[in-house]
Structure formats: structure tokens, C-alpha cells
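J.:
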Amino acid sequence: QARFLVRASYLQIYNEALSDLLKPERAGLSIREDRRKGVFVDGLSEWVVRAPMEVYKLMARGNHARSTAQTKLNDVSSRSHAVFIIIVEQSSNCVPDSSGGPLPGGVKA
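Number 27 in my numbering belongs to position 1 of the sequence shown; there are no gaps in the numbering.
1) Would a C-beta distance cut-off of 8 Å place Val-75 and Val-81 closer than the cut-off?
2) Please name the residue in Ser-93, Ile-112 and Arg-87 whose C-alpha comes closest to that of Glu-42.
3) Taking the alpha helix (DSSP H) that Leu-84 falls in, what are its first and last residues?
4) By the three-class DSSP mapping on this structure, what secondary structure does Ser-35 have?
5) By Cβ distance below 6 Å, which residues in the same chain neighbour Val-133 in space, the five residues on each side in sequence not counted?
6) Could you pull out every residue in the same chain whose Cβ sits closer than 6 Å to the Cβ of Val-65, ignoring the five residues on either side in sequence?
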């Protein structure tokens with residue numbers, strides 16, 4: 027039986043600076059690279075989501091925190107780039123036996 031963990035993050039790039047749209051007090055974030063994690067944004071919050079409506083609510087909340095300013099053509103033009111990240115992890119209830127093969131139900135050989 028497979029299980030899934032779904033997390034979401036929302037960041038903004040404004041004037042070449044990264045900030046967390048779901049925790050606006052987290053500004054000046056940095057992009058890092060790790061052998062295990064790959065490329066990631068250090069300090070970016072991650073929120074566990076269990077339903078599509080929770081994802082939508084996070085997006086709406088983050089949109090309110092985006093930097094906007096008036097332009098000649100648009101009163102509330104976005105002045106930033108936004109990246110919404112969804113991380114999906116799958117796990118199973120099986121563990122490998124001593125030969126490396128899985129056993130059902132998490133039973134150890």
C-alpha cells in the first residue's frame with residue numbers, strides 16, 4: 027500500500043531577492059545545492075496539504091503577499107516573479123529483506 031506526502035511552498039523573486047510568500051518575514055533567502063536534496067531554497071517554508079482546496083488557499087494567501095505597484099497600463103501590476111512548488115513523496119509499508127527484496131506489511135526477515 028503506497029502512501030503519499032504532499033507539501034507546498036510559494037516564493038517570490040523581486041529585485042533579485044528571494045522571499046517566502048507564505049511567511050513574509052522570511053526574506054533574503056538563498057538558493058543552495060545539496061547532494062541529497064538537490065537544488066533548494068534555504069529557509070523556505072513547506073506546508074503539508076491534504077486536498078486541492080488547501081493548495082488553492084495557500085496560493086491565494088501567497089498572492090496577497092506579492093509585491094505589486096501601479097504601472098501606466100495596470101493599477102496592481104505584479105512587480106515580481108512567483109514560483110509555487112509542490113513536492114510529492116511516495117512511501118510504502120514494505121521494508122527490504124536481507125537480500126534487498128521487499129516484504130509485505132513491514133515484516134523484517
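Don't be surprised by glycine CBs; every beta carbon is placed ideally from N, CA and C. Nothing here was measured: the structure is a model prediction, and the numbers come from that model.
T.: The relevant details are as follows:
1) yes
2) Ser-93
3) 78-91
4) Three-state result, Ser-35: strand.
5) Note that Val-133 has pLDDT 39, beneath the 50 cutoff, so the model's placement of it is unreliable and the number below is only indicative. If we look at Val-133 and ignore the five residues flanking it on each side, it has no Cβ neighbours.
6) Glu-59
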